[in-house]
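Residue numbers (our numbering): 119 to 522. To start, the structure itself, in structure tokens.
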């Protein structure tokens, strides 16, 4: 759990769940608490022993990290057991009589589920909270939790709702649209990490763990013809473009990217591979191609069309510059036609993070036809397409890499 104050992160909490089936759960609670700064671990067992003996009870030690590390202890237990456990907490010195009585009153009067969370800061007297599951309020939406805790001589109550219970997915997506990443800024910022992790081919789905083999397979599927002039729209750091030039004799290529870092890297890669006379890489927008009408033989989008929030624009532009009989090939990440509310939010978060707008296959076909193309064919990939190399690059020894 990340903690923010006035928009600035000032700490975090890490939760360690204790298996109540352990032979020595009380010892585990004491030892872990002591490692996190608990000064009087001997008070833990007298306070928690009834809960420890109750089947189904859950325990956690929470490391609250800010200026220093501080422990917090939490248990999920039956509400019927609460009065006895609160007496034990009082006996251990964790809470005072007035706070115990106030929490007992809340337990008697709150209409909610049969289980609750009881949490304490063992280093501070009366730093306790009680969270009721599935509470029933007199009016309005039912929250997921109702938190009850003492504050300045009174009992404070806070209701916790799921965002999806308060707003529709469409409203949430619209409210977060202003935070969508800009592709240019994304690649300028993360170019070194991407290059170190994946080399010169940055694609989520690949047909081989070997990038060059994957790119050659795409070139074959795209039907690139010898001697063709090709535009690589969204060329990245030049890996697919250079593999294309080496695979198909006599081809020449213009690669466009919004990132100056990628354009420079692609130019350097072509030079190292002896392809400078056949390739040119420029900073540019594929929605405004720097080519005359009917001057290009073939155009490829290798996982790049989604960076356009309005895909119709680059498709119309591609149709403009292609000669009669020219060919357009798009390999991309697609989304399902029907999304659950949770999937809508996940997709919105994906778009916000990467500035990527996946289309459905039907939408892509429709926009391509509207742009003027004919004989549009959809060829879904099967199990030969995998994202394992992409995801593997995010972690090393179970830890996130700089790219991850």
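For glycine and all other residues, C-beta sits at the position ideal for the given N, C-alpha and C.
Residue environment, residue i, which counts as buried when at least 16 other CB atoms sit within 10 Å
i, result
"residue 416", "buried"
"residue 114", "The requested residue 114 is not part of the displayed model; the chain covers only 119 to 522."
"residue 219", "exposed"
"residue 509", "exposed"
"residue 209", "exposed"
"residue 499", "exposed"
"residue 332", "buried"
"residue 371", "buried"
"residue 288", "exposed"
"residue 221", "buried"
"residue 318", "buried"
"residue 449", "buried"
"residue 133", "exposed"
"residue 121", "exposed"
"residue 380", "buried"
"residue 268", "buried"
"residue 433", "buried"
"residue 166", "buried"
"residue 492", "exposed"
"residue 350", "buried"
"residue 496", "exposed"
"residue 145", "exposed"
Residue i, enclosing alpha helix (DSSP H) - first and last residue
i, result
"residue 361", "357–365"
"residue 169", "162–170"
"residue 332", "329–340"
"residue 472", "459–472"
"residue 291", "287–294"
"residue 303", "301–316"
"residue 484", "479–488"
Same chain, Cβ closer than 7 Å to residue i, neighbours up to 5 away in sequence not counted
i, result
"residue 232", "196, 197"
"residue 276", "265"
"residue 299", "470, 471, 472, 473"
"residue 281", "290"
"residue 345", "368, 369"
Within 9 Å, strictly: CB atoms of residue i and residue j
i, j, result
"residue 439", "residue 403", "no"
"residue 154", "residue 179", "yes"
"residue 177", "residue 316", "no"
"residue 342", "residue 362", "yes"
"residue 555", "residue 388", "There is simply no residue 555 to check, as the chain begins at 119 and stops at 522 in what is shown."
"residue 283", "residue 259", "yes"
"residue 429", "residue 482", "yes"
"residue 358", "residue 336", "yes"
"residue 217", "residue 169", "no"
"residue 451", "residue 421", "yes"
"residue 224", "residue 248", "yes"
Cut-off 6 Å between Cβ atoms - residues of its own chain near residue i, not counting five sequence neighbours on either side
i, result
"residue 409", "439"
"residue 182", "131, 188, 190"
"residue 279", "261"
"residue 291", "466"
"residue 391", "360"
"residue 382", "none"
N- and C-terminal bounds of the beta strand (DSSP E) containing residue i
i, result
"residue 182", "176–183"
"residue 189", "187–196"
"residue 374", "370–375"
"residue 522", "Premise fails: residue 522 is in no beta strand (DSSP E) and is neither H nor E."
"residue 351", "347–351"
"residue 151", "Taken as a continuous stretch (DSSP letters only), residue 151 belongs to no beta strand (DSSP E), being part of the alpha helix (DSSP H) at 143–153."
"residue 126", "126–136"
"residue 156", "No beta strand (DSSP E) contains residue 156, which DSSP labels as neither H nor E."
"residue 122", "120–123"
8 Å Cβ shell around residue i - same chain, five flanking residues per side excluded
i, result
"residue 453", "465, 476, 477, 478"
"residue 156", "148, 162, 189, 240, 241"
"residue 128", "121, 122, 184"
"residue 441", "412, 413, 414, 415"
"residue 366", "337, 342, 343, 344, 346"
Residue i at chain D interface by Cβ criterion, 9 Å
i, result
"residue 169", "The structure shown contains no chain D; it is built from a single protein chain."
Starting from the N-terminal side, write out each stretch of the beta strand (DSSP E) that is 3 residues or longer and does not extend beyond the stretch 206–282. Counting only runs of 3 or more, we get 233–238, 246–251, 263–269, 272–278.
Counting only runs that start and end within the stretch 389–445, where is the alpha helix (DSSP H) found for 4 or more residues in a row? Counting only runs of at least 4 residues, the stretch 389–445 fully encloses the following alpha helix (DSSP H) elements, listed from N- to C-terminal order: 430–439.
Any chance you could list the alpha helix (DSSP H) runs of at least 4 consecutive residues sitting entirely within the stretch 492–516, in chain order? For the stretch 492–516, whole alpha helix (DSSP H) runs of length 4 or above, ordered along the chain, are 506–510.
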